[in-house]
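Protein chains in written order, with the working numbering: chain A, 139 to 248; chain B, 21 to 141.
We put the beta carbon where it would ideally sit given N, CA and C, even for glycine.
All of these numbers come straight from a predicted model, not from anything done at the bench.
Notes to accompany the following structure.
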Amino acid sequence: NFVLTQPRSVSGSPGKTVTISCTRSRGSIASNSVQWYQQRPGSAPISVIYDDDRRPSGVPDRFSGSIDTSSNSASLTISGLRTEDEADFYCQSFDATEVVFGGGTKLTVL
Amino acid sequence: EVQLVESGGDSVQPGRSLRLSCTASGFIFHDYAMHWVRQAPGKGLEWVAGVSWASSTMMYADSVKGRFAVSRDNDKNSLYLHMESLRPDDTAFYYCVKGQHDFGDLYFGDWGQGTLVTVSS
Numbered sequence: 139n140f141v142l143t144q145p146r147s148v149s150g151s152p153g154k155t156v157t158i159s160c161t162r163s164r165g166s167i168a169s170n171s172v173q174w175y176q177q178r179p180g181s182a183p184i185s186v187i188y189d190d191d192r193r194p195s196g197v198p199d200r201f202s203g204s205i206d207t208s209s210n211s212a213s214l215t216i217s218g219l220r221t222e223d224e225a226d227f228y229c230q231s232f233d234a235t236e237v238v239f240g241g242g243t244k245l246t247v248l
Numbered sequence: 021e022v023q024l025v026e027s028g029g030d031s032v033q034p035g036r037s038l039r040l041s042c043t044a045s046g047f048i049f050h051d052y053a054m055h056w057v058r059q060a061p062g063k064g065l066e067w068v069a070g071v072s073w074a075s076s077t078m079m080y081a082d083s084v085k086g087r088f089a090v091s092r093d094n095d096k097n098s099l100y101l102h103m104e105s106l107r108p109d110d111t112a113f114y115y116c117v118k119g120q121h122d123f124g125d126l127y128f129g130d131w132g133q134g135t136l137v138t139v140s141s
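What follows is the structure, given as structure tokens:
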């Protein structure tokens with residue numbers, strides 16, 4: 139079993155860039171893909187990044203994903219922040235026996 | 021357009037059973053694995069169970085193993101979750117979620133809007 143750890147909250151001003159981290163506790167972050175989901179209040183989650191760094195169609199290129207094996211973590215970067223980006227963001231990965239979500243990060247756009 | 025519509029959520033007493041359903045449209049249902057993910061009110065996401073496109077593989081979170089059973093009917097484009105011995109900590113919104121063709125690619129595309137299960141005496 140492994141855990142994905144995210145910061146509880148991040149914030150940024152409109153037009154700025156924020157990065158949300160997701161650190162894997164055991165096993166390599168590169169061993170299975172990392173996904174990111176955005177969940178606005180009262181709505182179901184939507185996928186914004188899959189397979190570490192790929193964007194589903196319709197997701198703006200302001201959203202980007204990456205992994206860093208040296209820190210065993212993944213990152214979601216949102217540039218050109220907009221007020222509508224304010225939401226909870228969850229990272230997710232898996233291994234042969236389980237699917238794991240991070241605890242979620244609340245993004246506030248000030 | 022992919023649509024996933026859950027139903028069956030209810031308020032039940034601890035120890036009772038409940039069956040959730042999800043009706044899918046807008047994609048070739050029998051080509052994809054399907055999953056259930058839940059979210060307790062005000063809390064984070066928790067994967068519950070998944071089933072491969074041919075029902076040859078089912079997988080469960082440790083928290084529900086032995087109590088929940090996932091199944092699907094490809095002829096009816098439907099996914100099910102049969103829940104037994106329900107506990108208060110099973111209280112959550114339950115989302116029906118579209119997976120990938122290969123069950124081992126355990127990540128998710130489209131999500132339903134969720135159905136609420138409340139377990140309380």
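query                                                                                                                                                     : result
Smallest Cα separation from Leu101(B): which of Ala89(B), Ala112(B), Asp93(B) and Pro108(B)?                                                              : Ala89(B)
Any C-beta of chain A sitting closer than 8 Å to the C-beta of Gln23(B)?                                                                                  : no
Of the residues that make up the stretch 104 to 129 of chain B, which ones have a beta carbon closer than 7 Å to any beta carbon in chain A?              : Tyr115, Leu126, Tyr127, Phe128 and Gly129
Identify every residue that forms a DSSP beta bridge with Thr215(A).                                                                                      : Thr157(A) and Ser202(A)
Pull up the distance between the alpha-carbon of Leu106(B) and that of Pro152(A), whole angstroms please.                                                 : 45 Å
Straight-line CA distance for Met54(B) to Phe113(B)?                                                                                                      : 17 Å
Within the 8 Å Cβ cut-off, does Gly203(A) reach chain B?                                                                                                  : no
Going by Cα to Cα distance, which pick from Gly29(B), Asp109(B), Asn94(B) and Arg39(B) is closest to Lys63(B)?                                            : Asp109(B)
So what's Thr221(A) in DSSP terms, helix, strand or just coil?                                                                                            : helix
What residues from chain A crowd round Tyr133(B), counting only those whose CB sits closer than 7 Å?                                                      : First, the residue type needs correcting, since residue 133(B) is Gln and not Tyr in the sequence shown. Ala182, listed in chain order.
Give me the chain B residues within the contact set of Ser147(A), using Cβ-Cβ distance strictly less than 7 Å, ordered along the chain.                   : What Ser147(A) touches in chain B: nothing, since even the nearest Cβ is about 13 Å away.
Between which two residues does the beta strand (DSSP E) containing Leu136(B) stretch?                                                                    : Thr135 to Val139
When Cβ atoms are compared, which residues of the stretch 54 to 72 of chain B fall closer than 7 Å to chain A?                                            : Gly64, Leu65, Glu66 and Trp67
If I measure Cβ to Cβ from Thr77(B) and keep anything under 6 Å in the same chain, skipping five residues before and after, which residues do I get?      : Phe123
If you draw a straight line from the alpha carbon of Ser72(B) to that of Tyr127(B), how long is it in whole angstroms?                                    : 13 Å
Taking a Cβ distance cut-off of 7 Å, strictly less, list which residues of the stretch 89 to 104 of chain B are near chain A, in chain order.             : none
Less than 8 Å between CB atoms is the rule here; does Gln230(A) satisfy it with respect to chain B?                                                       : yes
Using DSSP with H/G/I as helix, E/B as strand and the rest coil, what is Met51(B)?                                                                        : The question names Met, but residue 51(B) in the sequence shown is Asp. The answer is helix: DSSP assigns Asp51(B) an H, G or I state.
Pairs of beta-carbons, one from the stretch 33 to 47 of chain B and one from the stretch 239 to 246 of chain A, closer than 8 Å: are there three or more? : no
Near Gly29(B), what residues of its chain come up, given a Cβ to Cβ distance below 6 Å and the 5 sequence neighbours on each side ignored?                : Thr135, Leu136 and Val137
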